[in-house]
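Everything on this sheet refers to the single structure shown next.
Number of protein chains: 4
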Amino acid sequence: MMSIDSPHASRPRERIIETANRLFFRQGYCLTGINQIISESGVAKASFYSHFPSKEDLAIVWLRQREESWIQQFKECIAQPPSTDKRIAAMYSMWYDQIRAEGYRGCGFINMAGEFSNEESPVRAFVRDHKNRVRQLVANNVLHECRSTMEPGDFDELVDVTYSLFDGAIMQAQSLMQDWPIEVALKASIKMLTLYRAHE
Amino acid sequence: MMSIDSPHASRPRERIIETANRLFFRQGYCLTGINQIISESGVAKASFYSHFPSKEDLAIVWLRQREESWIQQFKECIAQPPSTDKRIAAMYSMWYDQIRAEGYRGCGFINMAGEFSNEESPVRAFVRDHKNRVRQLVANNVLHECRSTMEPGDFDELVDVTYSLFDGAIMQAQSLMQDWPIEVALKASIKMLTLYRAHE
Amino acid sequence: MMSIDSPHASRPRERIIETANRLFFRQGYCLTGINQIISESGVAKASFYSHFPSKEDLAIVWLRQREESWIQQFKECIAQPPSTDKRIAAMYSMWYDQIRAEGYRGCGFINMAGEFSNEESPVRAFVRDHKNRVRQLVANNVLHECRSTMEPGDFDELVDVTYSLFDGAIMQAQSLMQDWPIEVALKASIKMLTLYRAHE
Amino acid sequence: MMSIDSPHASRPRERIIETANRLFFRQGYCLTGINQIISESGVAKASFYSHFPSKEDLAIVWLRQREESWIQQFKECIAQPPSTDKRIAAMYSMWYDQIRAEGYRGCGFINMAGEFSNEESPVRAFVRDHKNRVRQLVANNVLHECRSTMEPGDFDELVDVTYSLFDGAIMQAQSLMQDWPIEVALKASIKMLTLYRAHE
DNA sequence: CATGAATGAGACTTCATTCAT
DNA sequence: AATGAATGAAGTCTCATTCAT
Numbered sequence: 701m702m703s704i705d706s707p708h709a710s711r712p713r714e715r716i717i718e719t720a721n722r723l724f725f726r727q728g729y730c731l732t733g734i735n736q737i738i739s740e741s742g743v744a745k746a747s748f749y750s751h752f753p754s755k756e757d758l759a760i761v762w763l764r765q766r767e768e769s770w771i772q773q774f775k776e777c778i779a780q781p782p783s784t785d786k787r788i789a790a791m792y793s794m795w796y797d798q799i800r801a802e803g804y805r806g807c808g809f810i811n812m813a814g815e816f817s818n819e820e821s822p823v824r825a826f827v828r829d830h831k832n833r834v835r836q837l838v839a840n841n842v843l844h845e846c847r848s849t850m851e852p853g854d855f856d857e858l859v860d861v862t863y864s865l866f867d868g869a870i871m872q873a874q875s876l877m878q879d880w881p882i883e884v885a886l887k888a889s890i891k892m893l894t895l896y897r898a899h900e
Numbered sequence: 701m702m703s704i705d706s707p708h709a710s711r712p713r714e715r716i717i718e719t720a721n722r723l724f725f726r727q728g729y730c731l732t733g734i735n736q737i738i739s740e741s742g743v744a745k746a747s748f749y750s751h752f753p754s755k756e757d758l759a760i761v762w763l764r765q766r767e768e769s770w771i772q773q774f775k776e777c778i779a780q781p782p783s784t785d786k787r788i789a790a791m792y793s794m795w796y797d798q799i800r801a802e803g804y805r806g807c808g809f810i811n812m813a814g815e816f817s818n819e820e821s822p823v824r825a826f827v828r829d830h831k832n833r834v835r836q837l838v839a840n841n842v843l844h845e846c847r848s849t850m851e852p853g854d855f856d857e858l859v860d861v862t863y864s865l866f867d868g869a870i871m872q873a874q875s876l877m878q879d880w881p882i883e884v885a886l887k888a889s890i891k892m893l894t895l896y897r898a899h900e
Numbered sequence: 701m702m703s704i705d706s707p708h709a710s711r712p713r714e715r716i717i718e719t720a721n722r723l724f725f726r727q728g729y730c731l732t733g734i735n736q737i738i739s740e741s742g743v744a745k746a747s748f749y750s751h752f753p754s755k756e757d758l759a760i761v762w763l764r765q766r767e768e769s770w771i772q773q774f775k776e777c778i779a780q781p782p783s784t785d786k787r788i789a790a791m792y793s794m795w796y797d798q799i800r801a802e803g804y805r806g807c808g809f810i811n812m813a814g815e816f817s818n819e820e821s822p823v824r825a826f827v828r829d830h831k832n833r834v835r836q837l838v839a840n841n842v843l844h845e846c847r848s849t850m851e852p853g854d855f856d857e858l859v860d861v862t863y864s865l866f867d868g869a870i871m872q873a874q875s876l877m878q879d880w881p882i883e884v885a886l887k888a889s890i891k892m893l894t895l896y897r898a899h900e
Numbered sequence: 701m702m703s704i705d706s707p708h709a710s711r712p713r714e715r716i717i718e719t720a721n722r723l724f725f726r727q728g729y730c731l732t733g734i735n736q737i738i739s740e741s742g743v744a745k746a747s748f749y750s751h752f753p754s755k756e757d758l759a760i761v762w763l764r765q766r767e768e769s770w771i772q773q774f775k776e777c778i779a780q781p782p783s784t785d786k787r788i789a790a791m792y793s794m795w796y797d798q799i800r801a802e803g804y805r806g807c808g809f810i811n812m813a814g815e816f817s818n819e820e821s822p823v824r825a826f827v828r829d830h831k832n833r834v835r836q837l838v839a840n841n842v843l844h845e846c847r848s849t850m851e852p853g854d855f856d857e858l859v860d861v862t863y864s865l866f867d868g869a870i871m872q873a874q875s876l877m878q879d880w881p882i883e884v885a886l887k888a889s890i891k892m893l894t895l896y897r898a899h900e
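So this is what it looks like as structure tokens:
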């Protein structure tokens, strides 16, 4: 009874993940303690450990969910624009929005790779796979119209360059705590696109 | 007497910085405790704090020294190559060497920015300034021959793109734990250079 | 099972406060370390900090409890004696007992004020308030019968003098490590009482 | 050479004691570290230990010097006033001045007794002797004119009461962080004087 | 399934003191 | 006499985790 009107209507597990999403990203993994997570989730400590075997397990679950929502948002952003140029622009515009919302914290996945120095860690594996999945998105949902118009090798190169410029922009915006690298990379990305198209 | 063959012949402060250089980079800042640093430096805890007011101060001193040696190495690498193309290649080749030596740990400066979420931290300020200084190096020591052959605005764009591709490659190599993003970015960088040159 | 005869049957929080009551008073605040407190309480360090945010917070809690029991004891001592003279005597007699039990450590509250040089500290505020509360006790529970027999100003003076003599005796007994200042002050206090009464 | 114009012209030992006089009194003994003392004295650490075997030894030397200058000041204050009443007033007035100059830190000697819980400590012995010496001053330099006019026992009592009121005032001013206990005690002390005189 | 109390190990920092020069 | 570097012990406090209920 009384579960509907409880101040924490959503299920504990969800609240923990939401809190982790906020804190791990904003503060970093190491700087975010279990105590802060459970306190801001309104969950008892033992409840936390009944849902997640360890802090690192929570990290993985969080990364999974962050990827899911990130990819969904990404797909929405690039669904409408009618041309490749505009899809690339939408991609960068989305990142611009994230900075506005969350500050110069760069990419949550990359930051986790930085904090988990052990290359054998599941976190590192997830980040690696995540990056590959995003690369596929760039290939299939952003640049897909180019695939038929160029050599397979050229197309792959274009995808890699496009993605590399994107990641470079994210990282530089974070380290410089400024926006301009994003605009620079967007411009360069369009140039690259034009260049590869002109190959024909 | 016996000072030459002593197991800790060098001065403690130097040993601490050397150890920090190793551990902060390999393990990350948070995961590296003072205890490990002093233990591997062979220094007493109070000696550590007589040299460095706090762990964060050591981080700054370390970053300063890492920048110094990194920039020196960078300058040496790009001093000999006789053309802009080859200087860019040397730049990437140097990073390739670092991965061989230190693993897929990415850029030590960026990693620090990731661990220091507080944008007001001196560490963040240092990283920001470091990135700007490296950008200047790219402009003055790598791409300098292009400056007179193109419009100032174009030259600046070329510098930014070159640097952005470089940083993107570093980051992707780290997250993917593979080398290929470096080669891709090098190729793209050369393409970009050619493109900007062709503007004339 | 086995809960009754367990060596630490009482609750940890109580054990900590009891230990603090003993150690802070006997040794002083600075000389008493957290390590000693937890060791003699039979409590883990983290347990301590889950009950008290800091050592200073424990000090405040301890002072509060010491005041409570002190005031209770004080009230009991001065409840029975049928005359003002005998109540004053009981007041001093109680202190005499404390010295027998705890040695020449003076007043625990005053000692804390001596160790907390920062006048903004909550400890200083508590000690100040404590002294005022005790003064009220002297007025309402020791000298109350005099109130109606003298001018309000005279009564207040009498209270202040009575209390000042009391505190002076405590302090001198501590610094001299002898009992006689207590008897001297008692005698003087009675004399003062007589004097103020004679005003009529 | 160059010793005359040196920024620390006075001898190191003197500078240390001066600094200790300031810091031990203002902050308390425990809260004042050797590092702060040598830093504010402008003296090397090993120089400190060549002058004073330990921190506690410095405390004793400091107390000795503080007593010396305090007694000198005391004597000066009570030398001029032509009557016992005015000498008592001068005594309190001097304390009033100390509060103005140093804040509500009470009596430096008593505070040390509070911090040195070990009754065997030389510090405790010194404080005890100091209190006795001041009592002698009250007898010989403040109340001396009364000695011949009353019974020896009465005179001793008067001295004790006068001193006890004085100490009580000091302590209450410290704990209440207010001045009024001083005025109250002065008034009471004069009253006591009158009372004992009237015995004749 | 949920909980608050309790924990051992370790975090960063400072202490009074001594040593080699 | 004077020094700066170095020290072992101890300081307060936090970590991720587990247990009894």
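Protein sequence lines correspond, in order, to chains A, B, C and D. With the numbering used here applied, the first sequence has no gaps in its numbers, which climb one by one up to 900 at the end. With the numbering used here applied, the second sequence has no gaps in its numbers, which climb one by one up to 900 at the end. With the numbering used here applied, the third sequence has no gaps in its numbers, which climb one by one up to 900 at the end. With the numbering used here applied, the fourth sequence has no gaps in its numbers, which climb one by one up to 900 at the end. Just so you know, even glycine gets a beta-carbon here, dropped at the ideal spot from N, CA and C.
Nearest-angstrom Cα distance between residue i and residue j?
i, j, result
"D856 (chain A)", "F855 (chain B)", "28 Å"
"E789 (chain D)", "L886 (chain D)", "The sequence given here places Ala at residue 789 (chain D); Glu does not occur at that position. In a straight line, the C-alpha of A789 (chain D) is about 7 Å away from that of L886 (chain D)."
"V834 (chain D)", "R828 (chain D)", "10 Å"
"K775 (chain D)", "N841 (chain D)", "7 Å"
"C807 (chain B)", "C730 (chain B)", "16 Å"
"Q910 (chain A)", "S750 (chain C)", "There is no way to answer for residue 910 (chain A), as the model of chain A reaches only from 701 to 900."
"H820 (chain D)", "I771 (chain C)", "Checking the displayed sequence, the identity of residue 820 (chain D) turns out to be Glu instead of His. E820 (chain D) and I771 (chain C): Cα-Cα distance of roughly 31 Å."
"W880 (chain C)", "R726 (chain C)", "21 Å"
"L758 (chain C)", "K831 (chain C)", "20 Å"
"P782 (chain D)", "P852 (chain D)", "23 Å"
"N735 (chain D)", "R713 (chain B)", "20 Å"
"Y863 (chain A)", "Q780 (chain A)", "20 Å"
"H844 (chain A)", "M850 (chain B)", "34 Å"
"I704 (chain A)", "T719 (chain A)", "Low per-residue confidence applies at I704 (chain A): pLDDT is 42, beneath 50, and the placement is therefore not dependable, though the value from the model is reported in the following sentence. I704 (chain A) and T719 (chain A): Cα-Cα distance of roughly 21 Å."
"V884 (chain B)", "S769 (chain B)", "27 Å"
Taking Cβ positions, are residue i and residue j nearer each other than 8 Å?
i, j, result
"W762 (chain B)", "F809 (chain B)", "no"
"S817 (chain D)", "R805 (chain C)", "yes"
"I890 (chain B)", "F826 (chain B)", "no"
"I882 (chain A)", "A898 (chain A)", "no"
"A813 (chain C)", "S875 (chain D)", "yes"
"V823 (chain D)", "E756 (chain D)", "yes"
"G728 (chain B)", "E815 (chain A)", "yes"
Which same chain residues end up closer than 6 Å to residue i when comparing Cβ atoms and leaving out the 5 residues on each side of it in sequence?
i, result
"H708 (chain B)", "With a pLDDT of 44 at H708 (chain B), under the threshold of 50, the predicted position of this residue should be treated as unreliable, though the coordinate-derived value follows. For H708 (chain B), where only same-chain residues beyond five positions count, the Cβ hits under 6 Å are G742."
"R777 (chain B)", "For the sequence presented, residue 777 (chain B) should be read as Cys rather than Arg. A790, M794, listed in sequence order."
"M877 (chain C)", "Y804"
"V861 (chain B)", "M892"
"A888 (chain A)", "L865"
"I738 (chain B)", "K745, F748"
Got a sec? Which residues, its chain only, sit under 8 Å from residue i by beta carbon, not counting five neighbours each side?
i, result
"C846 (chain C)", "T784, F855, L858, L893, Y896, R897"
"E802 (chain A)", "F725, R726"
"Y796 (chain C)", "D879, I882"
"F752 (chain A)", "I716, L758, V761"
Could you tell me which of the options sits nearest to residue i, measuring between CA atoms?
i, options, result
"N811 (chain B)", "B:H751, B:E851, B:D867, B:S747", "B:D867"
"I799 (chain C)", "C:M871, C:G728, C:Q736", "C:M871"
"L837 (chain D)", "D:Q773, D:F752, D:T849, D:E740", "D:Q773"
"E740 (chain D)", "D:A801, D:I717, D:S769", "D:I717"
Please confirm whether any heavy atom of the ligand ATP lies closer than 7 Å to the CB of residue i.
i, result
"R726 (chain A)", "The ligand ATP is absent from the structure shown, which contains no ligands of any kind."
Could you pull out every residue in the same chain whose Cβ sits closer than 7 Å to the Cβ of residue i, ignoring the five residues on either side in sequence?
i, result
"R787 (chain D)", "I778, P781, V842"
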